[in-house]
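One structure below.
Dropping the structure here:
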């Protein structure tokens with residue numbers, strides 16, 4: 114038993130007063146002379162040491178009455194020892210997209226919010242955090258409206274991160290009871306590992322949907338293009354076996370395709386859609402599903418293909434490059450070194466130095482700046498160069514020419530893993546008609562070779578942004594121009610210099626987009642849709658700006674890249690589809706955690722653990738009872 118006011122127990126010493134009164138007969142008897150003998154017969158003689166039953170009963174009754182009253186004023190109660198410790202409560206509420214699953218007709222998130230608002234103590238201090246919000250040192254009453262208007266988030270904190278964040282939010286007091294309440298569906302993914310802290314009271318409440326059913330649009334990608342249309346393939350997945358699922362494809366508000374994805378009683382399907390080749394596409398794919406809402410639509414865009422600007426600087430005009438860089442995809446132009454307009458350099462995506470005997474110092478400096486700002490440089494040497502002159506340029510790329518070698522070599526090795534040759538070969542080719550060179554330059558370099566001689570020395574080396582041929586390509590010294598390798602090699606180098614836009618980007622991922630902005634390098638580009646506008650991270654390069662998307666945008670949809678009133682591109686963003694996989698962890702046999710069946714049960718348990726069984730009312734009743742007993746003794750006991 115515990116007492117709220119134990120100091121009142123000192124009042125029990127007052128019980129000595131009635132004891133003394135009853136034990137010590139303080140009344141003095143006075144002798145009186147009576148002349149009437151009849152009267153004397155009615156007098157009851159009293160002794161100072163009276164021990165009558167009535168007086169003893171009255172003594173005990175009064176003592177018990179006063180004892181009950183004194184104890185009642187101390188407000189006694191029964192309670193667990195934990196009641197007297199300071200308690201801290203932190204709630205993690207999962208608001209990820211998987212919580213859109215329904216329990217009845219209500220999403221799991223709405224069920225959780227309603228249960229918290231209904232059952233949690235309204236004014237008890239708590240901290241509550243979600244995947245994207247934190248409400249510190251507050252009460253349920255104070256944040257009730259925020260909870261009721263809580264939105265779903267694409268973010269999903271791993272369980273380990275939840276524990277770490279909660280630990281940081283708890284105080285450092287060692288004598289307090291720390292309760293961590295995790296309310297989630299506990300979706301199973303690669304980061305879902307149960308490692309609760311042993312220093313916390315871990316309460317994991319798993320919410321489960323009525324039906325585990327969901328259909329999702331997972332991804333889209335280009336299929337091989339035809340001359341008239343562009344074909345895209347749409348991949349879908351389901352949590353249950355299906356026959357088919359209707360889908361619609363829109364360009365803006367216009368319906369351009371409607372078909373059905375054939376699942377054939379499996380959990381995956383794909384469907385192919387043809388789009389007009391040259392039209393601007395502001396695409397949205399839509400399906401109807403009663404599962405999760407966020408993955409029922411998919412946004413994509415296709416802008417008019419931007420041409421790659423290529424400048425050839427030549428010593429002697431050759432003519433073969435313009436047959437590779439055709440006007441359909443490239444803006445190709447050429448200048449002789451003698452008549453070079455240096456102002457053209459900064460506006461190009463790729464510059465080709467084609468067999469120059471010498472490199473002017475001004476050109477070396479301009480090319481160094483050009484590559485630093487993201488341009489691509491391709492160097493084809495002349496047969497008669499000054500090695501030290503070339504090395505002033507090549508040293509910027511970790512390449513050093515040593516000497517010219519006049520021994521013939523065959524080009525026999527292809528680096529099939531290099532990005533330049535990805536999607537070029539169906540299989541690795543070992544035997545082909547080897548191109549041959551009659552002279553080449555030996556060198557020291559850090560770059561990996563794309564093509565090598567039979568001696569394993571490099572014929573072509575480099576990486577994105579810089580490529581160097583170790584031999585001239587003139588017909589007198591090499592037959593490489595007649596090889597099937599020359600077209601994919603030079604073509605892909607040019608295409609690579611301008612990163613083309615993807616069909617779509619993923620919200621929250623580190624995406625980058627290159628925007629050509631000739632003449633306005635200092636512009637600040639924004640992306641916007643009908644409701645929001647963002648300024649992404651951006652880097653100005655040669656007549657282009659590279660936009661980096663990580664934290665923005667925060668929602669899916671179609672966005673326009675613009676500067677003031679000028680629109681440059683349209684981009685489609687989609688949420689990652691990790692939340693679409695409706696498989697869940699089994700918490701039954703987990704250690705160091707409590708798994709209440711519901712939110713209401715948990716708060717009932719916590720309330721009982723923190724409750725006090727008040728006893729003062731019972732002691733008041735006892736005091737009244739002893740008072741009635743005393744009255745009865747006085748009245749009826751003779």
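Residue numbers (the working numbering): 114 to 751.
C-beta atoms are modelled at their ideal positions from N, C-alpha and C, and glycine is treated no differently.
Owing to the predicted nature of the structure, the values given are computational and were not obtained by experimental measurement.
Report yes or no: is there a C-beta of chain C within less than 7 Å of the C-beta of residue i?
i           : result
residue 683 : In summary, chain C is missing from the structure at hand, where a single protein chain is found.
Hey, out of the options, whose CA is closest to residue i's CA?
i           : options               : result
residue 654 : 636, 647 and 671      : 636
residue 483 : 285, 459, 291 and 217 : 459
residue 330 : 350, 671, 516 and 316 : 350
residue 344 : 286, 394 and 696      : 394
residue 563 : 605, 595, 588 and 587 : 605
residue 391 : 417, 373, 684 and 363 : 417
residue 748 : 451, 449, 171 and 259 : 171
residue 673 : 664, 686 and 663      : 686
residue 766 : 237, 239 and 220      : The chain is shown from 114 up to 751; residue 766 falls before or after that span and cannot be answered.
residue 486 : 287, 657 and 641      : 657
residue 236 : 243, 252 and 352      : 252
residue 118 : 167, 704 and 189      : 189
residue 256 : 688, 269, 226 and 282 : 226
residue 373 : 346, 365, 352 and 389 : 346
residue 477 : 508, 452, 224 and 421 : 508
residue 566 : 448, 528, 595 and 536 : 528
residue 560 : 582, 548 and 737      : 582
residue 711 : 494, 541, 317 and 670 : 317
Can you name the start and end residues of the alpha helix (DSSP H) that residue i belongs to?
i           : result
residue 313 : Premise fails: residue 313 is in no alpha helix (DSSP H) and is neither H nor E.
residue 375 : Element bounds for residue 375: not the alpha helix (DSSP H) but the beta strand (DSSP E), 367 to 389.
residue 605 : 599 to 609
residue 255 : 253 to 261
residue 507 : 500 to 507
residue 280 : 272 to 282
residue 790 : Look at the range of the chain in this structure, 114 to 751, and you will see that residue 790 is not part of it.
residue 97  : One cannot answer for residue 97 here, as it falls past the ends of the chain, which runs 114 to 751.
Let's test the definition: count the other Cβ atoms within 10 Å of the Cβ of residue i and tell me whether it reaches 16, buried, or not, exposed.
i           : result
residue 745 : exposed
residue 577 : exposed
residue 497 : exposed
residue 415 : buried
residue 175 : buried
residue 110 : The question about residue 110 has no answer here: the residues shown for the chain are numbered 114 through 751.
residue 198 : exposed
residue 626 : buried
residue 461 : buried
residue 141 : In this prediction, residue 141 has a pLDDT of 49, which is less than 50 and means its spatial position is unreliable; what the coordinates show is noted afterwards. Exposed, since its Cβ has fewer than 16 Cβ neighbours within 10 Å.
residue 739 : buried
residue 688 : buried
residue 455 : exposed
residue 158 : Bear in mind that a pLDDT of 48 at residue 158, under 50, signals an unreliable position, so the number given afterwards is only what the model happens to contain. With fewer than 16 other Cβ atoms within 10 Å, it is exposed.
residue 396 : buried
residue 164 : Low local confidence applies: a pLDDT of 49 at residue 164 is under 50, so the model's placement there is unreliable, with the coordinate-based value given in what follows. Label assigned to residue 164: exposed.
Can you name the residues that DSSP bridges to residue i?
i           : result
residue 410 : 399
residue 470 : According to DSSP, residue 470 bridges with nothing at all.
residue 294 : 204 and 316
residue 512 : 558
residue 571 : 565
residue 103 : Any property of residue 103 remains undetermined from this structure, which presents the chain solely from 114 to 751.
residue 324 : Note: residue 324 sits in no beta bridge, so no partner.
residue 332 : 348
residue 443 : 421
residue 494 : 469
residue 449 : 427
residue 553 : 518
residue 670 : 686
residue 248 : 241
Would you give the residue range spanned by the beta strand (DSSP E) that residue i belongs to?
i           : result
residue 687 : 679 to 687
residue 242 : 239 to 242
residue 542 : Segment: none, residue 542 is in no beta strand (DSSP E) and carries neither H nor E.
residue 419 : Here residue 419 belongs to no beta strand (DSSP E), and DSSP marks it neither H nor E.
residue 522 : 522 to 527
residue 56  : Any answer about residue 56 is impossible in this case: the structure gives the chain only from 114 up to 751.
Legend entry - Cβ pair count under 8 Å reaching 3, the segment 509 to 520 against the segment 546 to 558: With the cut-off at 8 Å, the segment 509 to 520 and the segment 546 to 558 touch.
Inset, instruction - Taking 8 Å as the threshold, find out whether the segment 206 to 220 comes into contact with the segment 680 to 694 through three or more Cβ pairs. - result: By the C-beta criterion, the segment 206 to 220 is judged to be in contact with the segment 680 to 694, since at least 3 inter-stretch pairs fall below 8 Å.
Legend entry - the segment 361 to 380 / the segment 286 to 300 touching (three or more Cβ pairs under 8 Å): By the Cβ test, the segment 361 to 380 is not in contact with the segment 286 to 300, since fewer than three Cβ pairs between them sit closer than 8 Å.
Legend entry - Contact the segment 405 to 412 vs the segment 313 to 331: 3+ CB pairs below 8 Å: Touching, yes.
Legend entry - Any 3 or more C-beta pairs closer than 8 Å across the segment 584 to 592 and the segment 612 to 631: Here the segment 584 to 592 does not lie against the segment 612 to 631, with fewer than 3 beta-carbon pairs under 8 Å apart.
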